[in-house]
Amino acid sequence: MVKVGIRKPSIKKSVKARTTGKVKRKVKSSVNPVYGKKGAGWVNNPKKAAYNKAYSKTTKSVTSFGSSSNRKNASKSHYSNGKRYEGEQKSGCGCWTLLVAALVLPILAPFFPIAAGIALLIIVIVSLIRLGTKRNTKTDFGNQENELSDIESEEDNWDDF
32 MVKVGIRKPS IKKSVKARTT GKVKRKVKSS VNPVYGKKGA GWVNNPKKAA YNKAYSKTTK
92 SVTSFGSSSN RKNASKSHYS NGKRYEGEQK SGCGCWTLLV AALVLPILAP FFPIAAGIAL
152 LIIVIVSLIR LGTKRNTKTD FGNQENELSD IESEEDNWDD F
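Using the working numbering, the first residue of the sequence shown is number 32, and each one after it goes up by one.
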């Protein structure tokens, strides 16, 4: 019988899963060639794999309510020419971080002047590093514009209006 509803998180099991060492995984993968591969559960223990699949479909984790599980590939984009472009992962020091820092640091400065100064220094350094290491994407977009202009010229229906 498969449970239906909300799963109760087990802190003990989640800590154990996060602290399983690299050595243990290496040993298991050297002994069992299908260890860690997708679908290996169906080979090793099909009854347990079927139960786990049904369990994960019929229950919802408490920890997943805060995050969107539908956005698995948020950093990937698909273009009309069929090529995949994988965007860089952003570190989170963008405009919003600078805006929040500009609003919060003056409030904290009278109470914690040293901490506010250090935070301001770190934010400025990280922002400058990010500005200096941005990729030049004009060449990528230039190639895509040429490819897209060929497609658009074939589908240009502005004369109909």
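A virtual CB, placed ideally from N, CA and C, is assigned to each residue, including glycine. For clarity, every value in this text was computed on a predicted model and none was experimentally measured.
Thinking Lys44 and Thr90 are a contact (beta carbons under 8 Å), I'd like their distance in whole angstroms, please.
Their Cβ separation, rounded to whole angstroms, is 15 Å, which puts Lys44 and Thr90 out of contact at 8 Å.
When the distance is taken between beta carbons, is Arg38 closer than 9 Å to Val93?
yes
Got a sec? Which residues, its chain only, sit under 7 Å from Ser41 by beta carbon, not counting five neighbours each side?
none
Per the contact definition of three or more C-beta pairs closer than 8 Å, is the segment 49 to 58 in contact with the segment 69 to 87?
No, because fewer than three Cβ pairs between the segment 69 to 87 and the segment 49 to 58 fall closer than 8 Å, the two stretches do not touch.
Starting from Lys84, trace the alpha helix (DSSP H) in both directions and tell me its first and last residue.
Pro77 to Thr89
Who are Arg38's beta bridge partners in DSSP?
Ser92
Confirm, please, whether the CB-CB distance from Asn63 to Asn75 is below 9 Å.
yes
Return the first residue and the last residue of the alpha helix (DSSP H) that Ala140 is part of.
Taken as a continuous stretch (DSSP letters only), Ala140 belongs to no alpha helix (DSSP H), as it is neither H nor E.
Grab me the residues of Phe142's own chain with a C-beta within less than 7 Å of its C-beta, minus the 5 sequence neighbours each way, in chain order.
none
Tell me the DSSP secondary structure of Gly148 in three-state form.
helix
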